[in-house]
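Worksheet for the structure shown next.
Numbering (UniProt numbering), first residue to last: 1 to 351.
Shown next, in the form of structure tokens:
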């Protein structure tokens with residue numbers, strides 16, 4: 001039986017900023033740009049008490065909380081802290097799957113410290129994170145990734161939830177379907193129309209029924225209903241493409257998505273530089289609220305020279321797509337392809 005931990009930092013961006021501004025600790029703080037159509041990248045827990053949350057527009061946030069404190073995001077700083085946390089993970093296991101700057105899966109079945117208890121490993125990791133960064137993390141411990149991710153949210157902030165193999169069926173039976181990763185408002189509404197509202201409800205229907213209504217995702221829903229998730233913890237490896245994407249809690253227009261492209265581009269470019277390779281192709285991906293995927297790619301004669309080159313290429317791709325203003329998206333992503341070993345093309349222009 002596998003032992004999987006999902007670590008999720010508590011209000012990560014906001015918490016990093018509040019380390020340097022303890023005077024703001026008890027005030028409603030959000031991380032957002034001063035763009036006219038900015039959306040919240042992160043909200044502190046006091047801000048959440050006013051109903052503020054990630055992906056909410058700042059105009060709406062200021063209506064709910066006129067005295068909200070706004071701090072400009074500093075993604076370079078967040079990446080540095082994330083790297084510190086990743087180093088802590090590496091003291092316990094080599095099987096690490098980062099999901100973003102502030103969360104990751106760890107397979108500790110055979111960990112480097114030879115600790116038999118996954119719960120003890122999770123507690124040590126959380127203590128190390130506090131010791132070395134001053135930040136808190138929540139953890140979920142379970143036999144698979146699906147359950148570990150749900151568990152990490154169970155006792156937030158600064159909590160831990162353990163789901164033992166014998167507890168799985170009892171734990172998931174009354175679980176609302178909105179707790180399933182990937183089930184957003186649209187899927188939730190579709191499930192509700194089928195009179196399916198809990199994982200226990202899903203257990204009562206045939207696999208073929210779910211596949212007919214949800215395609216390939218229906219098979220995944222069927223397995224989740226049994227508490228089954230055989231996906232391995234995937235360690236980063238050399239790939240045909242380097243990409244990153246983010247899913248929103250609420251559907252956003254293209255204009256509302258704009259602040260998120262910068263962080264996605266930065267993550268992908270950082271990965272490219274770290275691997276000491278170069279790329280000649282750029283791709284963007286947007287998933288509509290009805291799950292339709294829009295994608296556009298472009299190859300260049302020469303490799304991209306800088307993160308600014310990549311940013312410019314992404315803006316060109318989005319412009320060429322001519323996306324209607326009323327379209328709403330639940331996910332956006334960006335990637336680099338046509339990867340090769342670094343060569344000296346620093347003087348060659350893409351444009």
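Built from N, CA and C at the ideal position, the CB exists for glycine as well.
message = Measuring alpha carbon to alpha carbon, tell me which residue in 160, 179, 53, 333 is nearest residue 360.
response = Since the first residue shown for the chain is 1 and the last is 351, residue 360 is missing from the structure and cannot be characterised.
request  = Can you grab the Cα-Cα spacing for the pair residue 193 / residue 165, in whole Å?
outcome  = 32 Å
task = Report yes if the C-beta distance between residue 228 and residue 140 is below 8 Å; otherwise report no.
result = No, they are not a contact pair.
query = Using CA coordinates, which residue listed in 155, 221, 201 is at the minimum distance from residue 210?
reply = 221
key: Span of the beta strand (DSSP E) around residue 296   = 293-299
task = Mind checking which residues open and close the alpha helix (DSSP H) that includes residue 124?
result = 118-133
key: Terminal residues of the beta strand (DSSP E) in which residue 160 lies   = 160-162
ask   = Is it the case that the Cβ atoms of residue 340 and residue 278 are separated by a distance below 8 Å?
value = yes
key: Proximity below 8 Å, CB of residue 96 to CB of residue 90   = yes
ask   = Rounded to a whole number of angstroms, what is the C-alpha to C-alpha distance between residue 105 and residue 215?
value = 27 Å
ask   = Would you report the Cα separation of residue 353 and residue 244, rounded to the nearest angstrom?
value = Outside the modelled stretch of the chain, which goes from 1 to 351, sits residue 353, for which no answer is possible.
ask   = Which ranges would you report for the alpha helix (DSSP H) in the region 182-241 if only whole runs of at least 4 residues count?
value = 185-193, 199-202, 207-214, 216-225
key: Backbone secondary structure at residue 330 - three-state DSSP   = strand
message = Three Cβ pairs or more, each shorter than 8 Å: is that satisfied between the region 40-48 and the region 141-149?
response = no
query = Do you know whose CA, among 305, 296, 134, lies nearest residue 317's CA?
reply = Across the set 305, 296, 134, the C-alpha of 296 shows the shortest separation from the C-alpha of residue 317.
task = Rounded to whole angstroms, what's the CA-CA distance from residue 304 to residue 315? Just pull it up for me.
result = 14 Å
inquiry  = One question on the structure: do residue 321 and residue 294 come within less than 8 Å of each other, judged by their Cβ atoms?
reply    = With respect to residue 294, residue 321 sits close: the two C-beta atoms are nearer than 8 Å.
inquiry  = Given this structure, state the Cα-to-Cα distance separating residue 348 from residue 136, to the nearest angstrom.
reply    = With a pLDDT of only 43 at residue 348, under 50, the local geometry of the prediction cannot be trusted, and no value is derived from it.
query = If we call anything under 8 Å between Cβ atoms a contact, is residue 47 one with residue 30?
reply = yes
Residues bridged to residue 176 [DSSP beta-bridge criterion] = The partner list for residue 176 (beta bridge, DSSP) reads 198.
key: Three-state class that DSSP yields for residue 2 in the structure shown   = coil
request  = Please state whether DSSP places residue 79 in a helix, a strand or coil.
outcome  = helix
query = By how many angstroms is the C-alpha of residue 201 removed from the C-alpha of residue 273?
reply = 47 Å
task = Could you pull the start and end residues of the beta strand (DSSP E) that residue 99 belongs to?
result = 96-100
message = Taking the beta carbon of residue 23 as the centre, do at least 16 other beta carbons fall within 10 Å, making it buried, or is it exposed?
response = exposed
request  = Look at the Cβ atom of residue 231, then the Cβ atom of residue 143, and state whether they are nearer than 8 Å.
outcome  = Contact flag unset, no.
Residue 7 beta carbon less than 8 Å from that of residue 117 = It is not a contact, given that the beta carbons lie outside the stated cut-off.
ask   = Where do the ends of the alpha helix (DSSP H) carrying residue 320 lie?
value = 307-321 is the extent of the alpha helix (DSSP H) around residue 320.
message = Pop quiz: residue 191 and residue 172 are said to be a contact at Cβ under 8 Å. What is the actual Cβ separation, rounded to whole angstroms?
response = Contact flag wrong, Cβ pair sits at about 15 Å.
ask   = Candidates 301, 330, 269: which alpha carbon is nearest residue 310's?
value = 269
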